[in-house]
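Chemist:
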Amino acid sequence: MNNNPNLEMEKLPKELTVLFSLLSSRTGQDQELLNMDWDFFLELAFHHRVYPILYKMIKSQNEHIIPPNVFAVLEHAYRSNTFQMMQLCQEMEFVNRLCTESTIPLLFLKGPVLAIELYGDISLRTSCDLDILIPIADLERLNGILIREGYQKDDYILSVLGDWKWRHHHVTYYHPAKGLKLEVHWRLHPGPGKEPSFTELWSRKRKSDFLRTPVYYLGKEDLFFFLVTHGSRHGWSRIRWLLDIHQLLQQKIDGGILHSLLKKFHSLKIGGQAAILSTQLFDTKIPKELTWMLDEPQASILAEQAFFYLHNQVNLHSNSLPPEVFDYHKRHLFSLMSFPQKLLYAISTLYPYHTDLATLPLPKYLHVLYFPLRPFLWAWRKTRKHALS
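All residue numbers for the sequence shown refer to the working numbering, where the first residue is 3 and numbers rise by one.
Pasting the structure below:
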């Protein structure tokens, strides 16, 4: 078993290792807290979106272990997050009612329902929006409903020949009066790639009764699949995603069902990556029926690769990534794929992109010509790029 990869913990900033210690309730923290850069510590807590649970754990352990001004900042952020999550709860009920009345089945992916599921308290996890999953056939209907209710659609998706259905996975809405964002998913992840259908996920759904009306969310094994594939796709660049895995692994997960699910969708090594990182950073105790994840080939290598994002405090949501980060992330995403996934990705590049439409605008009835023209349009863009550089 290779569950002790060389993750170079000693190369992490002291403030980050202390953050891991506090979140894991490790002993011997007093010595670690000497000569701390507390401003940097707070910067990391906010970057990784773990300040609510950090505040709660410090308060329960003994708040004197950190300076009063640092604790005050965390307390204020914790209270602000609580109000934000309460507002999202209210909107959850509203959106759930809209869909129920219109017979649109929906699953809540994250937000308050995930905070309750993993932490038992909406205040202990951050969320800036609501993520829901619905059948693709209901997208147009829901779009009309949301527009009538004051939501504005962010039409950022550029598409040709309907490639949005499989290249993308969600569309974003914003309600200016409420100041809330809603992401409507028709897939769990962007394509190309296989994943469970909505019908499958719906058949394994769970019901949450923490609101006045019941809401539905993913089954445990489906939730694990969703969280590890989402986190790995983002390089685990926020440790909140790994903390979610740590919390989920404390619950009863069916090892047989999970293994079949991850194997079917080529994600065994990704599950292993998440398990290794969680054990190394949070001292997670992997249940016996799930220890097979630690033995997955390439999982240790992927775990080591993920440390790049921690070392460099990468923010993948930045509008402009440094070239070295962009290139590294591109390679890492490719390394996450199985051979069939890489083959499918290579084939998908032959399908026209919206950039082909921008390069050579054609009437819609001639868009099929982009298939034979794509290699030439790609070569033209590359030539122009080199000429301008």
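Using N, Cα and C, we set each Cβ at its ideal position, and we do this for glycine too.
In this text the structure is predicted, and so the values were computed from the model without any measurement.
At the level of alpha carbons, what is the spacing between serine 210 and aspartate 329?
Modeler: Within the sequence shown, the letter at position 208 stands for residue 210. Within the sequence shown, the letter at position 327 stands for residue 329. Whole-angstrom Cα-Cα distance: 41 Å.
Chemist: What does the Cβ neighbour count give for lysine 112, buried or exposed, with the cut at 16 atoms within 10 Å?
Modeler: If you number the sequence shown from 1, residue 112 lands on position 110. Answer is buried; the Cβ neighbour count reaches 16.
Chemist: Identify the continuous alpha helix (DSSP H) that holds tyrosine 311 and give its terminal residues.
Modeler: Taking the sequence shown and counting its residues from 1, the one referred to as residue 311 is at position 309. Per DSSP, tyrosine 311 belongs to the alpha helix (DSSP H) from 301–313.
Chemist: Terminal residues of the continuous alpha helix (DSSP H) containing glutamate 16?
Modeler: Along the sequence shown, one-based indexing puts residue 16 at 14. Position check: residue 16 holds lysine in this sequence, whereas glutamate was assumed. Where lysine 16 is concerned, the enclosing alpha helix (DSSP H) stretches over 16–26.
Chemist: Just to confirm the assignment, what range does the alpha helix (DSSP H) spanning lysine 112 have?
Modeler: Start at 1 with the first residue of the sequence shown, and residue 112 comes out as number 110. Run containing lysine 112: none; DSSP gives neither H nor E here.
Chemist: With a floor of 3 residues, list each beta strand (DSSP E) that falls wholly inside the stretch 216–272, ordered by position along the chain.
Modeler: The qualifying runs are 217–219.
Chemist: Looking only at its chain, what residues have a beta carbon closer than 6 Å to the beta carbon of phenylalanine 73, apart from the 5 residues adjacent to it on each side?
Modeler: As a working mapping, residue 73 is identified with position 71 in the sequence shown. Here the set comprises Glu65.
Chemist: May I ask you to report which of helix, strand or coil DSSP gives tyrosine 355?
Modeler: Taking the first residue of the sequence shown as position 1, residue 355 is located at position 353. Residue state, collapsed to three classes: coil.
Chemist: Starting from the C-beta of serine 129, find all residues in its chain whose C-beta is less than 8 Å away, skip the five residues before and the five after it, and write them out in chain order.
Modeler: As a position in the sequence shown, residue 129 is number 127, starting the count at 1. Gln86, Met87, Leu90, Lys112, Gly113, Pro114, Leu116 and Ala117, listed in sequence order.
Chemist: With a threshold of 16 other CB atoms inside 10 Å of the CB of serine 320, please say whether the residue is buried or exposed.
Modeler: For the purposes of this step, residue 320 is taken as the residue at position 318 of the sequence shown. Counting Cβ neighbours within 10 Å, serine 320 comes out exposed, since fewer than 16 surround it.
Chemist: Looking at leucine 264: is its Cβ nearer than 8 Å to the Cβ of glycine 258?
Modeler: Taking the first residue of the sequence shown as position 1, residue 264 is located at position 262. Taking the first residue of the sequence shown as position 1, residue 258 is located at position 256. It is not a contact, given that the beta carbons lie outside the stated cut-off.
Chemist: Note down, one range per segment and in chain order, each alpha helix (DSSP H) of at least 4 residues found wholly within the stretch 313–343.
Modeler: DSSP runs (the alpha helix (DSSP H)) wholly in the stretch 313–343: 325–338.
Chemist: Ignore the nearest five residues each way along the sequence and tell me which others in tyrosine 311's own chain have a CB closer than 7 Å to its CB.
Modeler: The residue you call residue 311 lines up with position 309 of the sequence shown. Gly237, Trp238 and Ser239.
Chemist: Leaving aside the five residues before and after leucine 108 along the sequence, list all residues of the same chain whose C-beta is less than 6 Å from its C-beta, in chain order.
Modeler: Here residue 108 corresponds to residue number 106 of the sequence shown, with the count starting at 1. So the qualifying residues of the chain are Cys101, Ile134 and Ile136.
Chemist: Where in the stretch 104–188 do unbroken runs of the beta strand (DSSP E), each at least 3 residues long, occur, reported from the N-terminal end onward?
Modeler: The stretch 104–188 contains these whole beta strand (DSSP E) runs: 131–135, 154–156, 172–177 and 182–187.
Chemist: Taking just the CA atoms, how far does glutamine 63 sit from asparagine 37?
Modeler: On the sequence shown, residue 37 is found 35 positions in, with the first residue counted as 1. On the sequence shown, residue 63 is found 61 positions in, with the first residue counted as 1. Cα to Cα, the separation comes out at about 20 Å.
Chemist: Within its chain, find whatever has a CB closer than 7 Å to the CB of serine 26; leave out the 5 residues flanking it on each side and keep chain order.
Modeler: The sequence position of residue 26 within the sequence shown is 24, counting from 1. Counting only Cβ-Cβ distances below 7 Å, and skipping sequence neighbours, we find Phe284 and Asp285.
Chemist: Measuring only the C-alpha atoms, how far is isoleucine 147 from glutamate 95?
Modeler: As a first step, residue 147 must be located in the sequence shown, where it is residue number 145. As a first step, residue 95 must be located in the sequence shown, where it is residue number 93. Whole-angstrom Cα-Cα distance: 15 Å.
Chemist: Is the stretch 152–171 close to the stretch 245–256, with three or more CB pairs under 8 Å?
Modeler: Output reads no: the stretch 245–256 does not touch the stretch 152–171.
Chemist: Give the secondary structure of serine 210 by DSSP, where H, G and I count as helix, E and B as strand, and everything else as coil.
Modeler: Along the sequence shown, read from residue 1 onward, the residue named residue 210 stands at position 208. If DSSP states are grouped into helix, strand and coil, serine 210 belongs with the strands.
Chemist: Quick one: Cα of proline 194 to Cα of tyrosine 347, how far?
Modeler: Here the question's residue 194 lines up with position 192 in the sequence shown. Here the question's residue 347 lines up with position 345 in the sequence shown. Taking the straight line joining both Cα atoms gives about 6 Å.
Chemist: Could you check whether the stretch 147–163 touches the stretch 350–367, counting it as contact only if at least three pairs of C-beta atoms, one from each stretch, sit closer than 8 Å?
Modeler: Judged by Cβ distances under 8 Å, the stretch 147–163 makes contact with the stretch 350–367, as three or more pairs qualify.
Chemist: Please look up how many angstroms separate the CB atoms of histidine 420 and leucine 14, rounded, as I've assumed it's under 8 Å.
Modeler: The chain is shown only over 3 to 391; residue 420 falls outside these bounds and no answer can be derived.
Chemist: Considering Cα atoms alone, identify which of Lys180, Ala381, Glu306 and Met339 is closest to glutamate 151.
Modeler: As a first step, residue 151 is located in the sequence shown; it is residue number 149 there, counting from the start. Out of Lys180, Ala381, Glu306 and Met339, Lys180 has the C-alpha closest to the C-alpha of glutamate 151.
Chemist: Is DSSP giving glycine 274 helix, strand or coil here?
Modeler: Numbered from its first residue, the sequence shown carries residue 274 at position 272. DSSP places glycine 274 in helix when its eight states are reduced to three.
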